[in-house]
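Residues -25 to -1, 1 to 150 (mature numbering (1 follows the signal peptide of the UniProt record, and there is no 0)) are what the sequence shown spells out, left to right.
Structure first, commentary second.
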Amino acid sequence: MKLKITILVGTLLICLLIGYAASNAAEYNKEKKKEHYNQLRNEFVQQKEDLEQLSKESRNNPEAKEKISEMLKEIRGKAMEVNALAKEVDEEAYYRSKIESFTYALEGTIEDEKIALESKDSPFDLETAEKWRKVIKEKENLLEECKKIEVESVNNPKQVYEELRTKAHEITSQL
């Protein structure tokens, strides 16, 4: 009987130790991921600041426009990395990052649509072009709304992100 109790107590202690070790390992991995996420996030913020500085310094410079385009691609890649890691580390940070990415994507989309609309060989007839102008204007209003959002102080970033996506979808569905 003593042997059975000793084996039972020993088994319970081993299970507790294994659980404790697994818990510590998971916590360690989470901390490492969080450190890596913070490092990537800081690099992302620095790249955005560099881009803003470059765009201020180089108005109407074709070479600078190429460099800006290249930097935008790098920032887009870094944003994707940050987003992927943020969801694992911190869901609120993930959705804050999604709001920022949404804003940049919306801005790029508006510029592309304006260029397509104003192109000399634009495939749009007058009626379609007018619809596009209206949609672009509404997207610009949404962009202004996005830029006014203090991303770091949003209480429920997931809800805000979903609302922005819904608004953009409603605007686009007018076409």
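By construction, the Cβ of each residue, glycine as well, lies at the ideal position given by its N, Cα and C atoms.
Please read these numbers as outputs of a predicted model, since none were measured by experiment.
query                                                                                                                                                                  : result
Where does residue 57 land, buried or exposed, given buried means 16+ other C-beta within 10 angstroms?                                                                : buried
So the alpha helix (DSSP H) residue 74 belongs to, where does it begin and stop?                                                                                       : 66 to 93
Tell me, please, whether the stretch 61 to 76 touches the stretch 9 to 19 by the rule of three or more beta-carbon pairs shorter than 8 Å.                             : yes
Let me know the secondary structure DSSP gives residue 99 once reduced to three states.                                                                                : coil
Can you tell which of 26, 111, 130 has its C-alpha closest to the C-alpha of residue 148?                                                                              : 111
Measuring only from the beta carbon, is residue 24 closer than 7 Å to any heavy atom that is part of the ligand ZN?                                                    : You won't find the ligand ZN in this model; it holds no ligand whatsoever.
Using 8 Å as the limit for Cβ to Cβ distance, is residue 136 near chain B?                                                                                             : Among the chains of the structure shown, chain B does not appear; only one protein chain is present.
Tell me the residue span of the alpha helix (DSSP H) that contains residue 124.                                                                                        : Counting along the chain, residue 124 falls outside any alpha helix (DSSP H), and DSSP gives it neither H nor E.
Measure the alpha-carbon distance for residue 52 versus residue -21 and round it to whole angstroms.                                                                   : 59 Å
Between residue 75 and residue 132, which are expected to be in contact by the criterion C-beta below 8 Å, what is the C-beta distance as a whole number of angstroms? : Incorrect: roughly 10 Å between the Cβ atoms, too far for contact.
DSSP three-state label for residue 118, please.                                                                                                                        : helix
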